[in-house]
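For the record, in the sequence shown the residue sitting at position 7 is -10 according to the numbering used here, with numbers rising by one throughout. No residue lacks a Cβ here, since even glycine has one placed at the ideal position from N, Cα and C. Predicted model, so just to flag it, every value in this text is computed and none were measured.
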Amino acid sequence: MTDITGSTPVDAGVVGVSLAEPRDYFALMKPRVMSLVVFTAFVGLAMAPGSINPVIAAVALLAIAVGAGASGALNMWYDADIDRVMTRTAVRPIPSGRVSPTEALQFGMVFSVMSVFTLGVLVGWVAAALLAFTIFFYVVVYTMWLKRSTPQNIVIGGAAGAFPPMIGWAAVTGGVSVESIVLFLIIFFWTPPHFWALALVKSDDYARAGIPMMPVAMGEATTRRQILLYAVVLVAVSLVPCAIGLGGLLYGTVATVLGAVFLALSVRVLRVTEGAPARKAAMRLFLFSIAYLFALFAVLPVERLLATVLGS
(Lines of atoms letter the chains of each structure in order from A and count residues from 1; the text may use other names and numbers.)
(Lines give C-alpha, C1' and ligand atoms only; values in the text may rest on other atoms or scores of the structure.)
Protein backbone atom coordinates (compact mmCIF):
# COMPACT_ATOMS: atom_id res chain seq x y z
CA MET A 1 0.00 0.00 0.00
CA THR A 2 1.29 3.48 -0.82
CA ASP A 3 1.24 6.34 1.64
CA ILE A 4 -0.12 9.81 0.99
CA THR A 5 3.08 10.87 -0.77
CA GLY A 6 2.72 8.04 -3.28
CA SER A 7 5.73 6.11 -2.01
CA THR A 8 5.59 2.62 -0.60
CA PRO A 9 6.90 2.32 2.98
CA VAL A 10 9.12 -0.62 3.78
CA ASP A 11 7.31 -3.18 5.91
CA ALA A 12 9.66 -4.76 8.42
CA GLY A 13 7.43 -7.81 8.57
CA VAL A 14 7.78 -8.37 4.82
CA VAL A 15 11.57 -8.30 4.70
CA GLY A 16 11.78 -10.38 7.89
CA VAL A 17 14.07 -7.96 9.70
CA SER A 18 12.95 -5.41 12.25
CA LEU A 19 13.88 -1.87 11.28
CA ALA A 20 12.70 -0.48 14.61
CA GLU A 21 14.92 1.50 16.93
CA PRO A 22 14.18 2.19 20.62
CA ARG A 23 12.81 5.61 19.72
CA ASP A 24 10.27 3.98 17.40
CA TYR A 25 8.87 1.89 20.24
CA PHE A 26 8.84 4.99 22.42
CA ALA A 27 6.85 6.77 19.70
CA LEU A 28 4.40 3.85 19.69
CA MET A 29 3.60 4.68 23.30
CA LYS A 30 2.32 8.18 22.39
CA PRO A 31 4.63 9.96 24.86
CA ARG A 32 2.74 13.28 24.82
CA VAL A 33 -0.49 11.55 25.76
CA MET A 34 1.37 9.39 28.26
CA SER A 35 2.82 12.46 29.98
CA LEU A 36 -0.67 13.84 30.61
CA VAL A 37 -1.82 10.46 31.91
CA VAL A 38 1.09 10.22 34.34
CA PHE A 39 0.64 13.79 35.52
CA THR A 40 -3.08 13.46 36.26
CA ALA A 41 -2.44 10.11 37.94
CA PHE A 42 0.19 11.78 40.11
CA VAL A 43 -2.29 14.46 41.14
CA GLY A 44 -4.84 11.80 42.08
CA LEU A 45 -2.18 10.04 44.11
CA ALA A 46 -0.98 13.26 45.77
CA MET A 47 -4.48 14.45 46.68
CA ALA A 48 -5.68 11.13 48.11
CA PRO A 49 -6.06 10.95 51.89
CA GLY A 50 -3.54 8.83 53.74
CA SER A 51 0.05 8.10 52.88
CA ILE A 52 1.98 5.87 50.52
CA ASN A 53 5.60 4.78 50.50
CA PRO A 54 7.49 6.93 47.96
CA VAL A 55 8.94 3.84 46.28
CA ILE A 56 5.48 2.28 45.93
CA ALA A 57 4.18 5.60 44.58
CA ALA A 58 6.94 5.62 41.97
CA VAL A 59 6.12 2.03 41.02
CA ALA A 60 2.45 2.94 40.68
CA LEU A 61 3.20 5.88 38.38
CA LEU A 62 5.60 3.78 36.31
CA ALA A 63 3.02 1.02 35.91
CA ILE A 64 0.37 3.56 34.90
CA ALA A 65 2.78 5.10 32.38
CA VAL A 66 3.60 1.71 30.87
CA GLY A 67 -0.08 0.78 30.72
CA ALA A 68 -0.90 4.05 28.97
CA GLY A 69 1.94 3.55 26.53
CA ALA A 70 0.90 -0.03 25.83
CA SER A 71 -2.65 1.04 25.04
CA GLY A 72 -1.21 3.70 22.72
CA ALA A 73 0.75 1.00 20.88
CA LEU A 74 -2.37 -1.14 20.51
CA ASN A 75 -4.26 1.90 19.24
CA MET A 76 -1.60 2.46 16.58
CA TRP A 77 -1.65 -1.23 15.65
CA TYR A 78 -5.39 -1.21 15.01
CA ASP A 79 -5.46 2.23 13.39
CA ALA A 80 -2.53 1.64 11.02
CA ASP A 81 -4.85 1.64 8.00
CA ILE A 82 -6.25 5.09 8.70
CA ASP A 83 -2.93 6.45 9.97
CA ARG A 84 -1.50 5.86 6.49
CA VAL A 85 -3.93 8.27 4.85
CA MET A 86 -3.86 11.08 7.42
CA THR A 87 -1.12 13.68 7.13
CA ARG A 88 -0.97 14.04 10.92
CA THR A 89 -0.24 10.35 11.47
CA ALA A 90 1.43 9.08 8.30
CA VAL A 91 4.89 9.36 9.86
CA ARG A 92 4.03 7.12 12.81
CA PRO A 93 6.19 3.99 13.20
CA ILE A 94 3.75 1.51 11.59
CA PRO A 95 2.60 3.40 8.47
CA SER A 96 6.17 4.53 7.84
CA GLY A 97 7.28 0.89 7.94
CA ARG A 98 9.72 1.20 10.84
CA VAL A 99 7.65 -1.13 13.05
CA SER A 100 5.55 -4.01 11.73
CA PRO A 101 1.94 -4.42 12.91
CA THR A 102 2.87 -7.73 14.52
CA GLU A 103 5.67 -6.12 16.51
CA ALA A 104 3.35 -3.35 17.68
CA LEU A 105 0.65 -5.84 18.71
CA GLN A 106 3.11 -7.97 20.66
CA PHE A 107 4.68 -4.91 22.30
CA GLY A 108 1.29 -3.55 23.35
CA MET A 109 -0.05 -6.84 24.67
CA VAL A 110 3.07 -7.73 26.67
CA PHE A 111 3.36 -4.34 28.33
CA SER A 112 -0.39 -4.13 29.00
CA VAL A 113 -0.29 -7.38 30.97
CA MET A 114 2.98 -6.44 32.65
CA SER A 115 1.72 -3.03 33.81
CA VAL A 116 -1.52 -4.39 35.27
CA PHE A 117 0.21 -7.32 36.99
CA THR A 118 2.92 -5.07 38.45
CA LEU A 119 0.38 -2.56 39.75
CA GLY A 120 -1.72 -5.33 41.27
CA VAL A 121 1.07 -7.21 43.01
CA LEU A 122 3.11 -4.26 44.26
CA VAL A 123 0.47 -1.57 44.81
CA GLY A 124 -3.11 -2.83 44.90
CA TRP A 125 -5.63 -4.77 42.86
CA VAL A 126 -8.30 -2.06 42.81
CA ALA A 127 -5.86 0.29 41.08
CA ALA A 128 -4.78 -2.57 38.79
CA ALA A 129 -8.40 -3.35 37.88
CA LEU A 130 -9.00 0.30 37.00
CA LEU A 131 -5.85 0.31 34.84
CA ALA A 132 -6.93 -2.89 33.08
CA PHE A 133 -10.37 -1.43 32.42
CA THR A 134 -8.81 1.80 31.11
CA ILE A 135 -6.67 -0.13 28.63
CA PHE A 136 -9.66 -2.23 27.54
CA PHE A 137 -11.88 0.82 27.19
CA TYR A 138 -9.36 2.76 25.11
CA VAL A 139 -8.37 -0.11 22.83
CA VAL A 140 -11.60 -2.06 22.42
CA VAL A 141 -14.45 0.35 23.16
CA TYR A 142 -12.96 3.53 21.71
CA THR A 143 -10.41 2.44 19.09
CA MET A 144 -12.11 -0.66 17.70
CA TRP A 145 -15.74 0.43 18.03
CA LEU A 146 -16.62 4.06 18.76
CA LYS A 147 -13.94 5.85 16.73
CA ARG A 148 -15.17 4.45 13.41
CA SER A 149 -18.88 4.28 14.13
CA THR A 150 -20.20 7.47 15.77
CA PRO A 151 -19.49 11.22 15.93
CA GLN A 152 -19.86 10.84 19.70
CA ASN A 153 -16.68 8.73 19.68
CA ILE A 154 -14.54 11.20 21.60
CA VAL A 155 -17.31 11.99 24.11
CA ILE A 156 -17.72 8.40 25.27
CA GLY A 157 -14.20 7.29 24.47
CA GLY A 158 -12.79 10.24 26.39
CA ALA A 159 -13.56 8.36 29.58
CA ALA A 160 -10.41 6.32 28.98
CA GLY A 161 -8.25 9.40 29.44
CA ALA A 162 -10.18 10.45 32.54
CA PHE A 163 -9.43 7.36 34.65
CA PRO A 164 -5.75 8.04 35.60
CA PRO A 165 -6.46 10.29 38.62
CA MET A 166 -8.87 7.64 39.90
CA ILE A 167 -6.13 5.02 39.49
CA GLY A 168 -3.67 7.20 41.39
CA TRP A 169 -6.26 7.78 44.12
CA ALA A 170 -6.97 4.04 44.39
CA ALA A 171 -3.23 3.32 44.64
CA VAL A 172 -3.23 5.19 47.97
CA THR A 173 -6.69 4.45 49.37
CA GLY A 174 -7.54 1.11 47.80
CA GLY A 175 -10.80 2.50 46.43
CA VAL A 176 -12.58 5.40 44.75
CA SER A 177 -14.43 8.36 46.25
CA VAL A 178 -16.43 11.42 45.33
CA GLU A 179 -13.23 13.44 45.08
CA SER A 180 -11.62 11.09 42.58
CA ILE A 181 -14.84 10.97 40.56
CA VAL A 182 -14.81 14.77 40.35
CA LEU A 183 -11.24 14.65 38.99
CA PHE A 184 -12.46 12.08 36.47
CA LEU A 185 -15.34 14.34 35.42
CA ILE A 186 -13.08 17.35 34.87
CA ILE A 187 -11.03 15.42 32.31
CA PHE A 188 -14.13 13.79 30.85
CA PHE A 189 -15.80 17.13 30.05
CA TRP A 190 -12.48 18.68 28.99
CA THR A 191 -11.82 16.06 26.30
CA PRO A 192 -14.55 16.95 23.73
CA PRO A 193 -13.78 20.68 23.39
CA HIS A 194 -10.06 19.92 23.44
CA PHE A 195 -10.21 17.29 20.73
CA TRP A 196 -12.94 18.87 18.60
CA ALA A 197 -10.92 22.07 18.38
CA LEU A 198 -8.15 20.04 16.73
CA ALA A 199 -10.70 18.16 14.63
CA LEU A 200 -11.91 21.45 13.17
CA VAL A 201 -8.39 22.11 11.92
CA LYS A 202 -7.83 18.53 10.71
CA SER A 203 -11.33 17.77 9.42
CA ASP A 204 -10.06 17.05 5.89
CA ASP A 205 -7.76 14.39 7.31
CA TYR A 206 -10.60 12.68 9.13
CA ALA A 207 -12.87 12.88 6.09
CA ARG A 208 -10.19 11.29 3.91
CA ALA A 209 -9.76 8.47 6.45
CA GLY A 210 -13.52 7.92 6.75
CA ILE A 211 -13.62 8.70 10.46
CA PRO A 212 -16.97 10.21 11.56
CA MET A 213 -15.44 12.88 13.76
CA MET A 214 -17.96 15.56 14.74
CA PRO A 215 -16.97 18.18 12.09
CA VAL A 216 -17.15 15.51 9.36
CA ALA A 217 -20.38 13.79 10.40
CA MET A 218 -22.36 16.67 11.91
CA GLY A 219 -20.79 19.72 10.33
CA GLU A 220 -18.55 22.47 11.66
CA ALA A 221 -21.42 24.65 12.91
CA THR A 222 -22.71 21.87 15.17
CA THR A 223 -19.17 21.16 16.35
CA ARG A 224 -18.62 24.78 17.32
CA ARG A 225 -21.85 24.85 19.33
CA GLN A 226 -20.94 21.57 21.05
CA ILE A 227 -17.51 22.94 21.95
CA LEU A 228 -19.10 25.90 23.73
CA LEU A 229 -21.67 23.69 25.45
CA TYR A 230 -19.03 21.35 26.84
CA ALA A 231 -16.84 24.30 27.80
CA VAL A 232 -19.67 25.69 29.95
CA VAL A 233 -20.16 22.33 31.66
CA LEU A 234 -16.40 21.93 32.11
CA VAL A 235 -16.01 25.28 33.84
CA ALA A 236 -18.92 24.48 36.17
CA VAL A 237 -17.49 21.06 37.04
CA SER A 238 -14.01 22.53 37.54
CA LEU A 239 -15.36 24.55 40.48
CA VAL A 240 -16.81 21.52 42.28
CA PRO A 241 -13.51 20.75 44.10
CA CYS A 242 -14.02 23.98 46.04
CA ALA A 243 -17.45 22.81 47.17
CA ILE A 244 -16.24 19.42 48.44
CA GLY A 245 -13.05 20.60 50.14
CA LEU A 246 -10.64 19.22 47.56
CA GLY A 247 -9.62 22.71 46.42
CA GLY A 248 -9.36 25.98 48.28
CA LEU A 249 -9.18 29.68 47.52
CA LEU A 250 -6.09 29.41 45.30
CA TYR A 251 -7.59 26.60 43.25
CA GLY A 252 -10.91 28.41 42.98
CA THR A 253 -9.22 31.58 41.74
CA VAL A 254 -7.13 29.75 39.15
CA ALA A 255 -10.10 27.66 37.98
CA THR A 256 -12.26 30.78 37.61
CA VAL A 257 -9.69 32.79 35.67
CA LEU A 258 -8.66 29.93 33.39
CA GLY A 259 -12.29 28.94 32.92
CA ALA A 260 -13.14 32.46 31.79
CA VAL A 261 -10.36 32.32 29.20
CA PHE A 262 -11.51 28.87 28.06
CA LEU A 263 -15.05 30.18 27.57
CA ALA A 264 -13.82 33.28 25.73
CA LEU A 265 -11.78 31.17 23.32
CA SER A 266 -14.74 28.81 22.83
CA VAL A 267 -17.01 31.75 22.01
CA ARG A 268 -14.45 32.95 19.46
CA VAL A 269 -14.41 29.50 17.84
CA LEU A 270 -18.20 29.72 17.59
CA ARG A 271 -18.17 33.18 16.01
CA VAL A 272 -15.16 32.99 13.69
CA THR A 273 -16.13 30.45 11.07
CA GLU A 274 -14.29 31.22 7.82
CA GLY A 275 -10.82 30.55 6.47
CA ALA A 276 -7.51 30.98 8.25
CA PRO A 277 -8.92 33.01 11.18
CA ALA A 278 -11.29 30.13 12.00
CA ARG A 279 -8.46 27.60 11.96
CA LYS A 280 -6.33 29.91 14.07
CA ALA A 281 -9.11 30.32 16.63
CA ALA A 282 -9.62 26.55 16.85
CA MET A 283 -5.90 25.85 17.19
CA ARG A 284 -5.57 28.52 19.86
CA LEU A 285 -8.31 26.84 21.88
CA PHE A 286 -6.67 23.44 21.38
CA LEU A 287 -3.28 24.64 22.61
CA PHE A 288 -4.76 26.59 25.53
CA SER A 289 -6.83 23.57 26.58
CA ILE A 290 -3.63 21.59 27.17
CA ALA A 291 -2.16 24.32 29.37
CA TYR A 292 -5.55 24.71 31.07
CA LEU A 293 -5.73 21.10 32.22
CA PHE A 294 -2.11 20.98 33.36
CA ALA A 295 -2.53 24.22 35.34
CA LEU A 296 -5.85 23.17 36.85
CA PHE A 297 -4.47 19.89 38.12
CA ALA A 298 -1.09 21.32 39.14
CA VAL A 299 -2.60 23.91 41.46
CA LEU A 300 -4.29 21.25 43.62
CA PRO A 301 -1.13 19.64 45.07
CA VAL A 302 0.66 22.99 45.08
CA GLU A 303 -2.12 24.50 47.18
CA ARG A 304 -2.04 21.53 49.57
CA LEU A 305 1.74 21.78 49.87
CA LEU A 306 1.54 25.50 50.64
CA ALA A 307 -1.13 24.86 53.27
CA THR A 308 1.09 22.25 54.89
CA VAL A 309 4.19 24.46 54.88
CA LEU A 310 2.42 27.59 56.08
CA GLY A 311 0.45 25.67 58.67
CA SER A 312 3.50 23.97 60.17
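Practice task
With a threshold of 16 other CB atoms inside 10 Å of the CB of residue 239, please say whether the residue is buried or exposed.
Solution key: exposed
Problem - Complete runs of the alpha helix (DSSP H) confined to the region 242 to 291 [at least 4 residues] - result: none
Practice task
May I ask you to verify whether the region 257 to 264 touches the region 0 to 20, counting CB pairs closer than 8 Å and requiring at least 3?
Solution key: no
Practice task
Take residue 184 and list the residues in its own chain whose beta-carbon comes closer than 8 Å to its own, dropping the five residues that flank it on each side.
Solution key: 262, 265, 266, 269
Exercise for the section: Would you mind giving the Cβ-Cβ distance between residue 99 and residue 50, rounded to the nearest angstrom? I have them listed as a contact below 8 Å. Expected result: 6 Å
Problem - Three-state secondary structure (DSSP) of residue 174 - result: helix
Exercise for the section: Please go through the same chain and pick out, in chain order, the residues whose beta-carbon is closer than 6 Å to the beta-carbon of residue 196, but skip the five residues on each side of it. Expected result: 182, 189
Problem - Nearest residue (CA-CA) to residue 146, options 164, 129, 244, 156 - result: 164
Handout entry: residue 56, DSSP secondary structure in three states
Key = helix
Problem - Where residue 130 sits in the DSSP three-state scheme - result: helix
Problem - Outcome for residue 254 when other beta-carbon atoms lying within 10 angstroms are tallied against a minimum of 16 - result: exposed
Problem - Beta-carbon spacing of residue 162, residue 59 below 8 Å - result: no
Practice task
May I ask which residues mark the beginning and end of the alpha helix (DSSP H) holding residue 190?
Solution key: 186 to 192
Exercise for the section: Pick helix, strand or coil for residue 146, following the three-state DSSP scheme. Expected result: coil
Practice task
Please name the residue, chosen from 102, 272, 130, 63, that lies closest to residue 366 on a Cα-to-Cα basis.
Solution key: The shown model of the chain, from -16 to 295, leaves out residue 366, and the question about it has no answer.
Exercise for the section: Please confirm whether residue 143 and residue 107 have their CB atoms less than 8 Å apart. Expected result: no
Exercise for the section: Output the boundary residues of the alpha helix (DSSP H) element that contains residue 203. Expected result: 203 to 221
Exercise for the section: Using alpha carbons as the reference points, say which of 174, 126, 109 lies closest to residue 155. Expected result: 109
Handout entry: residue 44 to residue 158 span [Cα, whole Å]
Key = 16 Å
Exercise for the section: Decide if residue 66 is buried, meaning its Cβ has at least 16 other Cβ atoms within 10 Å, or exposed. Expected result: buried
Handout entry: Backbone secondary structure at residue 136 - three-state DSSP
Key = helix
Practice task
Hey, could you find the ends of the alpha helix (DSSP H) residue 14 is sitting in?
Solution key: 14 to 30
Practice task
Can you give me the start and stop residues for the alpha helix (DSSP H) that residue 200 sits inside?
Solution key: 197 to 200
Problem - Alpha-carbon spacing of residue 280 relative to residue 16, whole angstroms - result: 15 Å
Exercise for the section: Please report the Cβ distance between residue 180 and residue 241, rounded to the nearest whole angstrom; I am assuming they are in contact, meaning their Cβ atoms lie under 8 Å. Expected result: That pair is no contact at about 16 Å.
Problem - For residue 237 and residue 244, the rounded distance between their alpha carbons - result: 11 Å
Handout entry: Unbroken alpha helix (DSSP H) run spanning residue 65, endpoints
Key = 63 to 66
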